[in-house]
Structures are given as C-alpha cells and as structure tokens.
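J.: The structure follows.
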Amino acid sequence: MKYVLLTLISAMLLSVSWPTYGVPFFIFIALVPLLMMEHGISKFSSYKRKSWMVFGLSYLCFVIWNIVTTGWLYGSKNPDGSHSMMAVVFPVLVNSFLYSLVFQCYHWYKNAQGTYWGLGFLIAIWMSFEKFHLNWELTWPWLNLGNVFSDYPKLIQWYDTLGATGGSFWILVINVLIFYTIRTWEAGRKRKDLIRNISIVTALIVLPMIISLVKYNNFDEKPSGQINVLMLQPDLDPYAEKYSKDSLTIENDLLALAENNSKGKIDYYIAPETALPGRGSISETAFEKSLLLNNIKGFLTKHPGSVFATGISSHRFYKNQENIPKEAYQINPDLWVESYNTAIQIVPQQNVQVYHKGKLVPGVEIFPYMSVLKPLLGDAMINLGGTVASLGIDKERKSFSNPYNKGRMAPVICYESIYGEFTTDYVKKGANFLGIVTNDSWWGVTEGHKQLLSYAKLRAIETRREIARAANSGISAHINAKGEIESDTFYGDKTTLFAKVNLYETMTFYTRAGDLLSRFSIFALGFLLFYFLIEKFRHRIKKA
Numbered sequence: 001m002k003y004v005l006l007t008l009i010s011a012m013l014l015s016v017s018w019p020t021y022g023v024p025f026f027i028f029i030a031l032v033p034l035l036m037m038e039h040g041i042s043k044f045s046s047y048k049r050k051s052w053m054v055f056g057l058s059y060l061c062f063v064i065w066n067i068v069t070t071g072w073l074y075g076s077k078n079p080d081g082s083h084s085m086m087a088v089v090f091p092v093l094v095n096s097f098l099y100s101l102v103f104q105c106y107h108w109y110k111n112a113q114g115t116y117w118g119l120g121f122l123i124a125i126w127m128s129f130e131k132f133h134l135n136w137e138l139t140w141p142w143l144n145l146g147n148v149f150s151d152y153p154k155l156i157q158w159y160d161t162l163g164a165t166g167g168s169f170w171i172l173v174i175n176v177l178i179f180y181t182i183r184t185w186e187a188g189r190k191r192k193d194l195i196r197n198i199s200i201v202t203a204l205i206v207l208p209m210i211i212s213l214v215k216y217n218n219f220d221e222k223p224s225g226q227i228n229v230l231m232l233q234p235d236l237d238p239y240a241e242k243y244s245k246d247s248l249t250i251e252n253d254l255l256a257l258a259e260n261n262s263k264g265k266i267d268y269y270i271a272p273e274t275a276l277p278g279r280g281s282i283s284e285t286a287f288e289k290s291l292l293l294n295n296i297k298g299f300l301t302k303h304p305g306s307v308f309a310t311g312i313s314s315h316r317f318y319k320n321q322e323n324i325p326k327e328a329y330q331i332n333p334d335l336w337v338e339s340y341n342t343a344i345q346i347v348p349q350q351n352v353q354v355y356h357k358g359k360l361v362p363g364v365e366i367f368p369y370m371s372v373l374k375p376l377l378g379d380a381m382i383n384l385g386g387t388v389a390s391l392g393i394d395k396e397r398k399s400f401s402n403p404y405n406k407g408r409m410a411p412v413i414c415y416e417s418i419y420g421e422f423t424t425d426y427v428k429k430g431a432n433f434l435g436i437v438t439n440d441s442w443w444g445v446t447e448g449h450k451q452l453l454s455y456a457k458l459r460a461i462e463t464r465r466e467i468a469r470a471a472n473s474g475i476s477a478h479i480n481a482k483g484e485i486e487s488d489t490f491y492g493d494k495t496t497l498f499a500k501v502n503l504y505e506t507m508t509f510y511t512r513a514g515d516l517l518s519r520f521s522i523f524a525l526g527f528l529l530f531y532f533l534i535e536k537f538r539h540r541i542k543k544a
C-alpha cells in the first residue's frame, strides 16, 4: 500500500504542475515519490517479481498524468459526431508505456550499477527519450518536462540559451538531487550533509530564476522594424460548417471579416490553418487560375501594400512517368495525388509563396511508419478513425518575404509550434517574426487549445521573435519576444485581432545551437551503456 501511495503522489504532483491550470513548482518534487517507490521495492520489499511491480506502478503513475493533462483529446469527434475514444485511449496508453519503459530501464541499470550511476542514467535516458519523442513519426512531445513553465515566462528567459529541453534537464536534475538528499539523510543522518545538499538544491532552483528575471528586466533588443498585422478568426466549425458550406461562401465571410476590420494601414492579413477552401483542396499546379486565390488578390488591390497569408488544403497530381513521392496515393491507373496542409502568402502580381507543414499529427495527418504497418494493419486504421495515407511535407523550413517592408514571416502551422529546435529553422531561413496559423477547434472548449497557445510562448523566448497567432476559433494572440501575451481574443468569437508586431534579426544561442543538452545526454547515455558492458565483460573475465 505504501508503494501505491507514493505512486499516486507522483501522479498527482505531475498533473497539478501542468499548464494552463497548474502550479509548475510542484514539478521539482514530482518524480521523487516515484524514485522512492522504486528504491523501496528494489531494496526492501519481498516481492518475487520486483521489476514487474516497478513497471506496473510507474505505468499507473504515467497513465494518470497523461489522462489528467491530455484527456481533452476526447473532445475530438468521429464522422458520426460521437466523441472519439481512440483519439484519447491510444496516445494515453502508448505514451504512458513509453515513459514507463524509460523508468524501467533506469530501474534495471540502477540495480546493476548502483544508485548513483543509476540516477545519472535516469537523467540521460529521460532526456534522450524526449529528444527521440520530438523526432520520430509517433511524435507526441506534449508532456516534455520543460513545457511545464510555459505560463511563467518571467522565470524561463534563459530558454533563449538552452531551450525548453534545457528546462527538462533542470527539472530532472532537481528531482534527482532531492531524492539523493533524502537517501543520504536516511543512510547517515548527518546534519552537515543535509544542509549542504539542501543549499545546493535551493541554489539550483533559484539561480536560473534570478538569471531569468535579470534577463527579463534588461531585455533591450532593438527591433529592425514594425509591421501592422490583422489576425482573422472566422470561428468556422471544423466538423460541420467547414465541409458543408460552399468554399466561396467561406472565403467571402473571411474577406468580409478582413474588410470590416481594416482600420488604417495593414501590412499582413493572417488567416488560420486550412481556412480555405471548404470541402476538398486547391491544386498547386493551378494556383494562378484559382478563383479563390484570385479573389484574395482582388481584395489586396483595394489594400495596396498588404499581403495575405493563410492556411489552405492543397494537392498536386503526378502521372506514372513522373517522380512520384512516397506520400502520394493512386486515384486511377495513371494518376497519383499528394495532399498537403499548406501555408501560403499571396501578393498581387507575384507567384504564391508556399510552405507544406513539416510536423504532422500522428494518426490524423500521417500514417506512422506506413511502409511497415500498413501491410500488417490493412484497413484497421479506418476502423479506428485514423488516416490510411500521409500528407506530403517540406523537408526544409521557409520564410515568406515581403516586397513592401522588412517583414519575413515564419509560416508555422499548428502542431509545429510545439517543437523548439524545429522552429529555429524558420529563423535560420531569415524569419524575423513567427506567424502561427492554427485550427485547434477540434477539441472544443478544453485545455487543448489553451495549452497549445501556452507552448507558443516558449518559441517566442527561444527565438526572441514576436508571434502573430491566427486561430480558427481562438485563441488568437500577439506574443512579444519575452513570451508575454500582449493581446488576445476570446475562444469561440468570430473576430479579428490587430497588433503592431516588432521585427527582430538577432539569433539567440538556442537558435544557433538547438537542443544542446539533449545531444549531450544522448552521448552520456551511450557512454553509460558502454561502461556497463565493459564492466560486465571485465567481471566475466575475472570469473573465468
């Protein structure tokens, strides 16, 4: 019962730390009860299958954490309008399993090499897992530990140096040191050691926050310019109106929203992810002939000096003799089509600038590891409400240049805004502000859209770029380079948001170096595993 209680305490602490409802400071002790549970079972319990007990209890902890923090996935719906159980069950169970596997590896390594080597291994493998979770096709980094302070930007200004992955490292080190302090006190009851360890832990918690406050209060980056941005929030129901309304009606409503709120000079109109068309998509080989896009050009002729950026659904056809991308699917014996979640920028008398979303939502926009799983699963994904095809992507990030001013927009599309190092690639391509186009209305009035907005603040700090975020139903927002929301909208309103967005050119250390601590941790993990194998080999040689 004691070990179950420790497990539940960790689950509670992890859950109540999370944005946007939680208090993040609990995260510094959230893993300590779990570590105490593992240590107690390994050293003092009489269970015959200790590893299975550790795995089962850690899985219970991580399942509760995942349900509390991402249970809003249940808000997504099936085609018949019912809530999608698989949309929440699959990610919760799989993500919890992955975290439990990480913890189980720590348990095995610690029992083989001792507590102190094991604690170092825990930091290395957890950091390596988070990095892996940012990059594979089942990517779901929503619960990476460094995200937890996204609603407290004043305390994490140093993320411009080490990023949110640096925050994960910080949190893991503190948890490990607190557990180490408890263990050394239990083992020796030496007051001097206790005071020393508490002082070190306190300093490691407080000093980064003090540095952050100093950076916050002394932020004096000079903008290279300023642009007037009007973010459009059409509040189009993604389940009903989006696919039942005529595309021209949808576009006319969007342009009327822009026209009625154009007061003074507007440099950028930004509409949300897949704002156009309605049902179907727009052919990329016929952009210049598209009635929808030409209507936008007509709108811009009445607003000289303005550009229009929006998300669209698009596609490109390929014939048999052409180089057919692996994501394309066959629609008849001689014709293939590749679909995209796309951001475009429209300027009169110029070709449309195009970017295809590079980070796709697993099971919705991408069939993970299709070449392996599709032959095994067949139509099972259809029955589970998932996708049986994958959208095409751009291999590199882009920035949209502006012929009228210094603005160079990073066309960040929805889910991409969770990824720190990925987002820096837009800045390396010249972007001096981030334009996030998103449709997070799929989950309704839940924590989902709030958390996604909150994570955008991390990207502002990491890159020191201001953000203009246009969301279908909200929350649209202007976020400054310190990660603070300057202005925003209410969720569910059909409205616009005007912002004067500052442009910045300087690259942060994090933009240049990326997830440095993650790469160091991967190296450390390799060293620890190699050291373990060498020790095991030497031990066998001695026995022989």
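Numbering (the UniProt record's numbering), first residue to last: 1 to 544. Backbone N, C-alpha and C define an ideal beta-carbon position, used for all residues, glycine too. None of the values given here were measured: they were computed from a predicted structure.
1) So what does DSSP say about V437, is it helix, strand or coil?
2) Please report the residue range of the alpha helix (DSSP H) in which G163 lies.
3) Keeping to the same chain, check which residues put their C-beta closer than 7 Å to that of T69; ignore five residues upstream and five downstream.
4) Assign V445 to one of three DSSP states: helix, strand, or coil.
5) Along the chain, where does the alpha helix (DSSP H) that runs through Q113 open and close?
6) Mind pulling the alpha helix (DSSP H) runs of 4 or more residues that sit fully within the stretch 441-493?
7) Determine the direct distance from the alpha carbon of V92 to that of S313, and round the result to whole angstroms.
8) What residues in its chain sit with their C-beta under 7 Å from that of N261, if we drop five residues either side in the sequence?
9) Roughly how many whole angstroms lie between the Cα atoms of L384 and K215?
10) Quick one, which of Y415, G430, K395 has its alpha-carbon nearest S401's?
11) Using CA atoms only, rank isn't needed, just tell me which of L31, S58, L8, M409 is closest to S96.
12) Nearest to P362 by CA position, among W140, V148, A309, is which residue?
13) Compute the Euclidean distance between the alpha carbons of Q233 and S473, then round it to the nearest angstrom.
14) Please report the residue range of the beta strand (DSSP E) in which V206 lies.
15) Alpha carbon to alpha carbon, how far is H449 from N432?
16) Thinking just about the alpha-carbon of each residue, which of F25, G526, F287, I266 is nearest to the one in L122?
17) Using alpha carbons as the reference points, say which of V347, M36, P33 lies closest to N294.
18) First and last residue of the alpha helix (DSSP H) that includes V23?
19) Considering only the beta carbon of each residue, do L35 and F129 sit closer than 8 Å?
20) On the three-state DSSP scale, how would you describe E416?
21) With DSSP run on the structure shown, which of helix, strand or coil describes V63?
22) Taking the beta carbon of K289 as the centre, do at least 16 other beta carbons fall within 10 Å, making it buried, or is it exposed?
23) Determine, using beta-carbon pairs with one atom in the stretch 203-212 and one in the stretch 469-483, whether at least three such pairs fall under 8 Å.
24) When the Cα atoms are used, what is the spatial distance from A380 to K77?
25) Please classify E322 as buried or exposed, where buried requires at least 16 other C-beta atoms within 10 Å of its C-beta.
26) In the DSSP assignment, the alpha helix (DSSP H) including R397 goes from what residue to what residue?
27) My output table needs one value for P153: the three-state DSSP class, helix, strand or coil.
28) Might you give, ordered along the chain, the residues of its own chain that have their beta carbon closer than 8 Å to the beta carbon of K395, omitting 5 neighbours on each side?
29) Give me the Cβ distance between V437 and E251, rounded to the nearest whole Å; I'm assuming they're in contact under 8 Å.
30) Could you give the DSSP three-state label for S128: helix, strand or coil?
31) In the DSSP assignment, what residue or residues form a beta bridge with T511?
32) DSSP beta-bridge partners for H356?
33) Enumerated in chain order, which unbroken segments of the beta strand (DSSP E) with a length of 3 residues or greater are wholly contained in the stretch 205-290?
34) Going by beta carbon distance, what residues of the same chain come within less than 7 Å of I174, once the five residues before and after it are set aside?
35) Which whole-angstrom value describes the C-beta separation of H303 and E338, a residue pair presumed to lie in contact below a C-beta threshold of 8 Å?
36) Under 8 Å between the Cβ atoms of T508 and K428?
T.: Concretely, from the data shown:
1) Strand at V437.
2) 159-188 is the span of the alpha helix (DSSP H), which, as asked, contains G163.
3) Excluding positions up to five away in sequence, the list reads S15, W18, L143.
4) Residue state for V445 is assigned as coil, using DSSP reduced to three classes.
5) Note, Q113: alpha helix (DSSP H), 85-113.
6) As for any alpha helix (DSSP H) of minimum length 4 sitting wholly inside the stretch 441-493, the runs are 447-463, ordered along the chain.
7) Approximately 29 Å between the Cα atoms of the pair.
8) Once the five neighbours on either side are set aside, the close Cβ partners of N261 are L230, T496.
9) Caution applies to L384, whose pLDDT of 39 falls short of 50 and renders its modelled position unreliable; the value that the coordinates give is listed next. Approximately 48 Å, taken between the alpha carbons.
10) It is G430 whose Cα lies nearest to the Cα of S401.
11) Ranking the options by Cα distance to S96, first place goes to S58.
12) Selected option, being the one with the closest Cα: W140.
13) Whole-angstrom Cα-Cα distance: 6 Å.
14) Unbroken run through V206 is the alpha helix (DSSP H), 191-217; no beta strand (DSSP E).
15) Rounded to the nearest angstrom, the two C-alpha atoms are 25 Å apart.
16) For the residues F25, G526, F287, I266, the minimum Cα distance to L122 belongs to G526.
17) Nearest option by C-alpha distance: V347.
18) For V23, no alpha helix (DSSP H) run applies, since DSSP gives it neither H nor E.
19) It is not a contact, given that the beta carbons lie outside the stated cut-off.
20) If DSSP states are grouped into helix, strand and coil, E416 belongs with the helices.
21) Three-state result, V63: helix.
22) Answer is exposed; the Cβ neighbour count stays below 16.
23) Taking 8 Å as the limit for Cβ pairs, the verdict is that the stretch 469-483 does not touch the stretch 203-212.
24) Residue placement at A380 is flagged as unreliable, the pLDDT there being 47, under the threshold of 50; a coordinate-derived value is accordingly withheld.
25) Note on E322: under 16 other CB atoms within 10 angstroms of its CB, so exposed under the neighbour-count rule.
26) It is not in any alpha helix (DSSP H) - R397 carries neither H nor E in the DSSP assignment.
27) In the structure shown, P153 sits in a helix (DSSP, three-state: H, G or I).
28) Sequence-distant partners of K395 (beyond 5 residues in either direction) whose C-beta falls short of 8 Å from its own C-beta, in its chain, are G358.
29) The C-beta distance from V437 to E251 rounds to 16 Å, too long to meet the 8 Å contact threshold.
30) Three-state DSSP puts S128 in a helix.
31) Answer is none; T511 lacks a bridge partner.
32) Under DSSP, H356 shares a beta bridge with T342.
33) Within the stretch 205-290, the beta strand (DSSP E) runs of at least 3 residues that lie entirely inside it are, in chain order, 225-233, 268-270.
34) Excluding residues within five positions, the ones whose Cβ falls inside 7 Å are F28, V201, L204, I205.
35) The Cβ separation is near 33 Å, so there is no contact.
36) No, the Cβ-Cβ distance between T508 and K428 is not below 8 Å.
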